[in-house]
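What follows is one structure encoded as structure tokens, with my remarks underneath.
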Amino acid sequence: MTDNGAHQSRRQTVAMETLTYKRYPFSYFPTGWYYVARSKELRPGKLVGQQWCGVHIVAWRNEEGKVCVADAYCPHLGARMTPEAGGRVVDGRLKCPFHGFEYDVSGACMHTPNAPPPRTCELVTYPTCERNDVVFAYHGGEPKFELPFIDDEGWTLRIWGKKTFNTHIQEIPENALDLNHFQFVHGVNEVEETGTPEVNGQHFYTAIDTRGRLNLPFARHLQFDSHVDFHMWGLGYFFFETTSPDTGVETRSWLFGVPQRDALLTLNYAVAVRENPSQRLQVLKWLPTQWRTLLVCKLVHMETSLTLEQDREIWNSKRFRASPRLANTDGSILAYRRYCQQFNAPI
Ligand code: FES
Ligand SMILES: [Fe+2]
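Following this note's numbering from start to finish, the sequence shown increments by one per residue and tops out at 340.
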């Protein structure tokens, strides 16, 4: 074959690969609980609409405080009932902008303007729960597990953030367990898993010890040891607690990923802090306690945001290796992937 012919054949192979290539060999929408909104966003009368696990949903709360999360398309003739499309909540019921059918929080059609509600007219609804001021809905039929209530006595209020990435939700916790990337992507050079992961049904737990620097430009000289406990309850609820004996500050971080459509992932994240009263953060000990913890919480939030940005390009462009060629210091990536398999939905 001539050089030209070989080149053309390589180009054809690449083109075929591009056409047939699937970035992930499993669905972008694993089963489990996913963030819908913060509880205070869903005040009675307010309607929220969004893309969520490959569908459009609406969510609202009636006067009694009951929440409904439902498919956004009307069972009558298919109008979208999100707020931008004209959907609204009237007397605790969702009212369709097309012909005025009204649905209660059970999903039943309770009223139409000109005739009795058709007997089979009801919304497709999703199981919901509220935990620590967040509303979740379950994707994938009947819930197979419950989410935890986290005791937040003594902690600051959570500070929230939101980012979008072009990746699969499974990549986010995997990144936190990928010990060797901390050195190259985040500048944390001593990271060690303290045991083997514990999997109990839908709960995943592991812990690591780290020694590293902050990303914040004015605090790069600070170096300290931390112990991090990781918890997951499915892929939509990722939570970790960090304790640092050097600073006396404990932090909590929540990452609530929501796959919107294909690889478009929204990451809602929140942080909270608590100080060890016998060991005030020395550099800020002159501040009143309330201000100091709030300031520390804001700094932790900035640090979290910077850390997520450092991962952005790799998440956005990487390919999933189903059979990765791992080194023996790569941590619990395979144990984590085995845990994830239980949430895989058919493609
Ligand atoms: S499409 Fe909703 S009431 Fe007709
Ligand atoms: Fe990372």
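Cβ atoms here follow ideal geometry from the backbone N, Cα and C, with glycine treated the same way.
Annotation for residue 122: the continuous beta strand (DSSP E) segment containing it runs 121 to 124. Excluding five sequence positions before and after residue 142, the CB atoms of its chain that fall closer than 7 Å to its own CB belong to 124 and 125, given in chain order. For residue 71, the CB falls within less than 7 Å of some heavy atom of ligand 1. Nearest Cα to residue 38 within the set 81, 20 and 61: 81. Residue ranges of uninterrupted beta strand (DSSP E) with 3 or more members, entirely inside the region 141 to 165 and ordered along the chain, are 152 to 159. In the three-state DSSP reduction, residue 333 falls in the helix class (H, G or I). About 7 Å separates the beta carbons of residue 52 and residue 128, which is inside the 8 Å limit, making them a contact pair. With three or more CB-CB distances shorter than 8 Å, the region 34 to 49 counts as touching the region 244 to 256.
The residue among 160, 144, 101 and 28 with its C-alpha nearest the C-alpha of residue 306 is 160. The residue from 74, 91 and 165 with its alpha-carbon nearest to that of residue 64 is 74.
Taking 7 Å as the cut-off, the C-beta of residue 89 counts as close to a heavy atom of ligand 1. Near ligand 2, residues with a Cβ at less than 5 Å from any of the ligand's heavy atoms are 168 and 304; the list follows chain order. One thing to note: residue 148 has its Cβ no nearer than 8 Å to the Cβ of residue 330.
With a cutoff of 7 Å, residue 92 counts as near ligand 1, since its C-beta is closer than that to a heavy atom of the ligand. Look at the beta carbons and you see the region 178 to 189 not touching the region 282 to 293: under three pairs across the two are nearer than 8 Å. With fewer than 16 other beta carbons inside 10 angstroms of its own, residue 198 counts as exposed. A contact between stretches requires three or more CB pairs, one per stretch, nearer than 8 Å, and the region 132 to 142 fails this requirement with the region 238 to 249. The beta carbon of residue 106 lies closer than 6 Å to those of 93 in the same chain, with the five residues before and after it left out. In this model, residue 30 and residue 319 are separated by some 38 Å (Cα to Cα). The criterion of a C-beta distance shorter than 8 Å is not satisfied by residue 170 and residue 298.
A Cβ-Cβ distance of about 6 Å is found for the pair residue 165 and residue 231, placing them in contact under the 8 Å criterion.
According to the DSSP assignment, residue 253 belongs to no alpha helix (DSSP H) but to the beta strand (DSSP E) extending over 242 to 254.
For residue 261, the enclosing beta strand (DSSP E) begins and ends at 257 to 268.
The distance from the Cβ of residue 116 to that of residue 96 is about 5 Å, consistent with a contact at the 8 Å cut-off. Nearest C-alpha to residue 36 among 17, 219, 85 and 237: 85.
Per DSSP, the beta bridge partners of residue 201 are 186 and 221.
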